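229 is the number that the working numbering gives to position 155 of the sequence shown; each next residue is one higher, with no gaps.
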Amino acid sequence: MDRGDFASALGWRARKQALLGALRPSFEVSWTLICACLAAGSLPRTGVSGLRILTTWLIADVVCGYILSQLIALKRASRSGNSPSRAQEIRSFTLVIPYALPGSPGQRLAERINGFVGQWRSQIWPQAGLCGVTALVGAGLALVVASYLGRESLAVLSFGLLLAAGLMILAGRDERALLSWLDGVHLALAWALGYLALAPWRGPAMAVAALVGVHAYARTRLGEGYRGPVRWFLRATWASLILALLIARQPILAALVAVASLAEGMSYGAVRLARPSRLGWLLSLLVVALAMPYWA
C-alpha cells in the first residue's frame with residue numbers, strides 16, 4: 075500500500091483515484107514480505123511454493139493495502155458527515171415506543187435513535203457507504219483466499235483486520251495517529267503472512283513481526299513531527315534486534331545492525347527531515363531474516 079495515495083477528498087473522482095491508488099504495491103511491504111520468506115529458511119523449490127508466496131504477496135500488500143486505505147477514507151467521510159446542523163434533515167425512519175410519555179426516558183431514547191438513523195442516512199452513508207462496502211468486500215476476499223493458505227495465515231489475517239478496525243474506532247478524530255497505527259499493522263501483517271507462507275508458527279518470527287509493526291508506527295509518527303516517546307520506540311526495536319542476534323551468537327551481524335541503528339539515529343536530527351531514513355532498517359531486516367534459520 076502506497077501511503078501517499080490515501081483518499082484526500084470525498085468527491086467521486088477523488089474516491090475513484092484513491093481506489094486505484096490503493097492497489098499500487100508498496101516497496102517497503104514487498105521487501106518486508108520477502109525478508110520474512112527468507113527467514114522461514116525454505117526457499118520455494120516447487121510451483122506450489124511459488125504460488126503460495128505470490129498469493130500471500132497479493133493479500134499482504136495489494137489487498138490489505140486496499141482495505142486499510144478504505145478505512146482511512148471511511149474515517150474521513152464519517153467525520154465530515156458529522157454535522158449536527160443537518161442531523162434532522164431526513165426522517166424516513168421513525169421509532170415510536172408505545173405508551174412512552176413525552177419527556178420520559180423511553181421517549182428520549184427513541185428521539186436519540188431517530189436522530190442517529192436520520193444522520194446516518196442523510197450524511198454518513200452517502201459519503202462513507204462506498205468506502206465501507208469496498209473495505210468489507212476486500213476483507214471478505216482476503217479471508218477467503220487466506221483460508222486456502224492455512225489456518226495460521228487465516229488467524230493472523232483475521233486478527234490484523236480486526237485490530238485495524240478497532241484502531242479506526244479508537245483513533246477518534248486523530249487521523250494522523252490512525253495512519254501511523256495502520257502503517258504498523260500493515261507491515262507486521264506482511265512479515266507474519268510471509269513467514270507463515272513457507273513455515274509453521276514460531277514465536278521468534280512473530281516477535282519480529284511485532285517489532286516491525288512498532289518500528290513502522292514510530293517512524294511514521296516521527297515523520298509527521300510528533301515527538302513524545304516515539305524515538306524510544308525506535309531505539310527499543312533496534313536494541314531488540316541487536317540483542318536477538320547476540321543471543322543467537324551472531325556478533326558480526328549484530329555489529330552491522332548496530333551501525334545501521336546509529337546511522338538512523340543520527341538522521342533524526344537532520345534539518346527538516348520529512349521522514350527518518352529507512353534504508354538501514356530495511357537492510358537490517360534482511361540481515362535478521364538471513365540469520366533466523368540458524369537460531370536455535
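All C-beta atoms in this analysis are idealised placements derived from N, C-alpha and C, irrespective of residue type, glycine included. Model, not experiment: these values are computed from the prediction.
* To do: Pick helix, strand or coil for Thr208, following the three-state DSSP scheme.
  => Here residue 208 is taken as the residue at index 134 of the sequence shown, counted from 1. The answer is helix: DSSP assigns Thr208 an H, G or I state.
* Asked: Thinking C-beta only, is Thr129 closer than 8 angstroms to Leu107?
  -> The residue given as residue 107 occupies position 33 in the sequence shown. The residue given as residue 129 occupies position 55 in the sequence shown. Taking 8 angstroms as the cut-off, the beta carbon of Leu107 is found no closer than this to the beta carbon of Thr129.
* In chain order, what residues of the same chain have a beta carbon less than 6 angstroms from the beta carbon of Gly354, not counting five sequence neighbours either side? -> Counting from 1 along the sequence shown, the entry for residue 354 is found at position 280. Same-chain partners within the cutoff: Ala334, Ala337, Glu338.
* To do: Given a cut-off of 8 angstroms, decide if Leu252 and Ile127 are closer than it, judged by their beta-carbon atoms.
  => Residue numbering aside, residue 127 sits at position 53 when the sequence shown is read from its first letter. Residue numbering aside, residue 252 sits at position 178 when the sequence shown is read from its first letter. With contacts defined by Cβ atoms closer than 8 angstroms, Ile127 and Leu252 do not form a contacting pair.
* Proximity test, Cβ basis, 8 angstroms: Val211 and chain C -> Given the protein chain composition of this structure (a single chain), no chain C is represented.
* Asked: If you compare alpha carbons, which of Pro367, Ala283, Leu330 is closest to Ser358?
  -> Translated into positions along the sequence shown, residue 358 becomes position 284. Each of Pro367, Ala283, Leu330 was checked against the Cα of Ser358, and the nearest Cα belongs to Leu330.
* Asked: Using 8 angstroms as the threshold, is the region 306 to 313 in touch with the region 286 to 294, meaning 3 or more CB pairs across them?
  -> Contact annotation: the region 306 to 313 touches the region 286 to 294, with at least three C-beta pairs closer than 8 angstroms.
* Give a yes or no on whether the C-beta atoms belonging to Pro99 and Val136 are separated by under 8 angstroms. => Taking the sequence shown and counting its residues from 1, the one referred to as residue 99 is at position 25. Taking the sequence shown and counting its residues from 1, the one referred to as residue 136 is at position 62. Yes; because the gap between Cβ atoms is below 8 angstroms, this pair is in contact.
* Asked: Anyone know if the C-beta pair for Leu223 and Ala271 falls short of 8 angstroms?
  -> Translated into positions along the sequence shown, residue 223 becomes position 149. Translated into positions along the sequence shown, residue 271 becomes position 197. Result yes, Cβ atoms of Leu223 and Ala271 sit closer than 8 angstroms.
* So, Leu67 versus Leu360, is the Cβ gap smaller than 8 angstroms? -> The shown model of the chain, from 75 to 370, leaves out residue 67, and the question about it has no answer.
* Asked: Would a C-beta distance cut-off of 8 angstroms place Ala245 and Val259 closer than the cut-off?
  -> Here residue 245 is taken as the residue at index 171 of the sequence shown, counted from 1. Here residue 259 is taken as the residue at index 185 of the sequence shown, counted from 1. For the pair Ala245 and Val259, the CB atoms are not nearer than the 8 angstroms cut-off.
* To do: Kindly indicate which three-state DSSP category Leu272 falls into: helix, strand or coil?
  => Sequence index remark: in the sequence shown, residue 272 carries index 198 (1-based). Coil at Leu272, not helix or strand.
* With distances taken between CB atoms, is the gap from Val103 to Leu261 smaller than 8 angstroms? -> For this step, residue 103 is matched to residue 29 along the sequence shown. For this step, residue 261 is matched to residue 187 along the sequence shown. For Val103 and Leu261, yes; Cβs fall inside 8 angstroms.
* Thr120: buried (16+ other C-beta within 10 angstroms of its C-beta) or exposed? -> Locating residue 120 in the sequence shown gives position 46, where the first residue counts as 1. With fewer than 16 neighbouring CB atoms inside 10 Å of its own CB, Thr120 falls in the exposed class.
* **Rounded separation between Arg186 and Tyr269 - CA only** => What you label residue 186 is simply residue 112 of the sequence shown in a count that begins at 1. What you label residue 269 is simply residue 195 of the sequence shown in a count that begins at 1. About 48 angstroms.
* Ala134: which of Glu249, Phe101, Leu317 sits nearest, CA to CA? -> Sequence index remark: in the sequence shown, residue 134 carries index 60 (1-based). Here the closest residue by C-alpha is Phe101.
* Return the CA-CA distance between Tyr368 and Leu204, expressed in angstroms with no decimal places. => Residue numbering aside, residue 368 sits at position 294 when the sequence shown is read from its first letter. Residue numbering aside, residue 204 sits at position 130 when the sequence shown is read from its first letter. One Cα belongs to Tyr368, the other to Leu204, and the distance between them is close to 47 angstroms.
* To do: Using a threshold of 8 angstroms, state whether the C-beta atoms of Leu267 and Leu231 are closer than that.
  => As a working note, residue 267 is residue 193 in the sequence shown. As a working note, residue 231 is residue 157 in the sequence shown. Yes, the Cβ-Cβ distance between Leu267 and Leu231 is below 8 angstroms.
* **Through-space distance from Leu263 to Gly374, alpha-carbon basis** => Examination of residue 374 is not possible in this model, given that the chain is present from 75 through 370 alone.
* With DSSP collapsed to three states, give me the class of Pro278. => Against the sequence shown, residue 278 aligns to sequence position 204. Pro278: helix per DSSP, three-state reduction.
* When Trp265, Lys149, Arg352, Arg182 are compared against Gly234, the one with the closest alpha-carbon -> Counting from 1 along the sequence shown, the entry for residue 234 is found at position 160. Distance from the Cα of Gly234 is smallest, within the candidate group Trp265, Lys149, Arg352, Arg182, for Trp265.
* If you draw a straight line from the C-alpha of Ala151 to the C-alpha of Leu210, how long is it? -> Working through the sequence shown from its first residue, we reach residue 151 at position 77. Working through the sequence shown from its first residue, we reach residue 210 at position 136. Rounded to whole angstroms, Ala151 to Leu210 spans 16 angstroms at the Cα level.
* Ala113 classed as buried or exposed, judged by whether at least 16 other C-beta atoms fall within 10 angstroms -> Position 39 of the sequence shown, counted from the start, is the residue given in the question as residue 113. Ala113 is buried by the Cβ-count criterion.
* Excluding the 5 residues preceding and the 5 following Ala348 in the sequence, name in chain order all residues of the same chain whose CB lies nearer than 8 angstroms to its CB. => Here residue 348 is taken as the residue at index 274 of the sequence shown, counted from 1. In this predicted model, Ala348 has a pLDDT of only 48, less than 50, meaning its place in the structure is not dependable; the value taken from the coordinates is given anyway. Scanning its chain for C-beta atoms nearer than 8 angstroms, with the 5 sequence neighbours on each side dropped, one finds around Ala348 the residues Gly297, in chain order.
* Asked: According to DSSP, is Thr130 helix, strand or coil?
  -> The residue given as residue 130 occupies position 56 in the sequence shown. Thr130: helix per DSSP, three-state reduction.
* Asked: What are the boundary residues of the alpha helix (DSSP H) that includes Arg305?
  -> Walking along the sequence shown from the start, residue 305 turns up at place 231. Note, Arg305: alpha helix (DSSP H), 304 to 321.
* DSSP state of Arg352, grouped into three classes? -> Looking up residue 352 in the sequence shown gives position 278. Coil at Arg352, not helix or strand.
* To do: Taking all protein chains shown into account, decide if Leu236 is buried (16 or more other Cβ within 10 angstroms of its Cβ) or exposed.
  => As a first step, residue 236 must be located in the sequence shown, where it is residue number 162. Classification for Leu236: exposed.
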